[in-house]
Amino acid sequence: SRQERYELAKKDFERANRLRADLEGTPAEQRMEKDYLGVVFLYRRAYDRAPFSSLASDALAAAADRLRAGDLQARAGRAAHGADELSDLARTFDTMAVALEEREVKLRDAERHAAEARLASVLDITADAIFTVDEAERMVLFNRGAERMFGVAAAEVVGQSFERLVSAAAAAAIRERIRDTAAGAAG
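Counting in the numbering used here, the sequence shown runs without a single skipped number right up to 188 at its last residue.
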């Protein structure tokens, strides 16, 4: 019956709100994606069971589906602008989606920093001189081997043109090598 569907939806909605509140009280690094997806599942099930249909509910359902599919920028949009229970649900969904997106960004940043640290440690222990340049021919990486070879500290040359360290002929050869490498990568 309609009343039974309403009661089931209400219970799912309340469980989702409790789980979301528990998540908000948990330090970000301890939150798990599956916990967020559990909240999304409960909200979606509450929507599916609820005895109503409107554009706002469809927008919320679509946002839940997008989030479940991995779109961390999914938001309820217009569904969150009212003063009814559905709008409350949509605002809660949006708050949770923002928290999930922020957590994902932090995890990606931590992974990138860890990878950079591993690369830096490998580059620092190699005896070979290694330096990299950006599109504007400025040095962006200069390892200890390069410091020994060129007799200059990385802090003095990072951000500077590589021409500072080599002869004009060597600079021309390096530019040619950069062009060849870029053309090979593009083709």
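Ideal Cβ placement from N, Cα and C applies to all residues, glycine included. The model shown is predicted, which means the values in this text are computed figures rather than measured ones.
For the pair A81 and R92, the CB atoms are nearer than the 8 Å cut-off.
Per DSSP, F94 lies in no beta strand (DSSP E); the unbroken alpha helix (DSSP H) holding it starts and ends at E86 to I126. Residue burial annotation: A156 is exposed, with fewer than 16 other C-beta atoms found within 10 angstroms of its C-beta. The way I'd put it, the stretch 123–136 doesn't touch the stretch 106–113; fewer than three beta-carbon pairs between them come closer than 8 Å. The beta carbons of V40 and L61 sit no closer together than 8 Å.
Note on geometry: alpha-carbon atoms of D49 and A10 lie some 8 Å from one another. The three-state secondary structure of V40, taken from DSSP, is helix. With a cutoff of 8 Å on beta-carbon distance, L90 and F42 are scored as not near each other. Under the three-state reduction of DSSP output, S168 falls in the coil class, being neither helix nor strand. No Cβ-Cβ contact shorter than 8 Å links A63 with Y44. When DSSP states are grouped into helix, strand and coil, R76 belongs to the coil group. Comparing C-alpha distances from T133 to each of R119, A115, G152 and F163 shows the shortest one belongs to F163.
By alpha-carbon distance to R32, the top candidate from M97, Q4, R46 and E86 is M97. Cβ-Cβ distances below 6 Å link R145 to D125 in the same chain, with the five nearest sequence neighbours on each side left out; the list follows chain order. G160 is a Cβ neighbour of R139, given a cutoff of 8 Å. If you draw a straight line from the Cα of F151 to the Cα of A111, it comes to about 33 Å.
Per DSSP, the beta-bridge partners of V134 are M140.
Contact annotation: A77 and F94 have beta-carbon atoms nearer than 8 Å.
In this structure, the alpha-carbon of V153 lies about 26 Å from that of R180.
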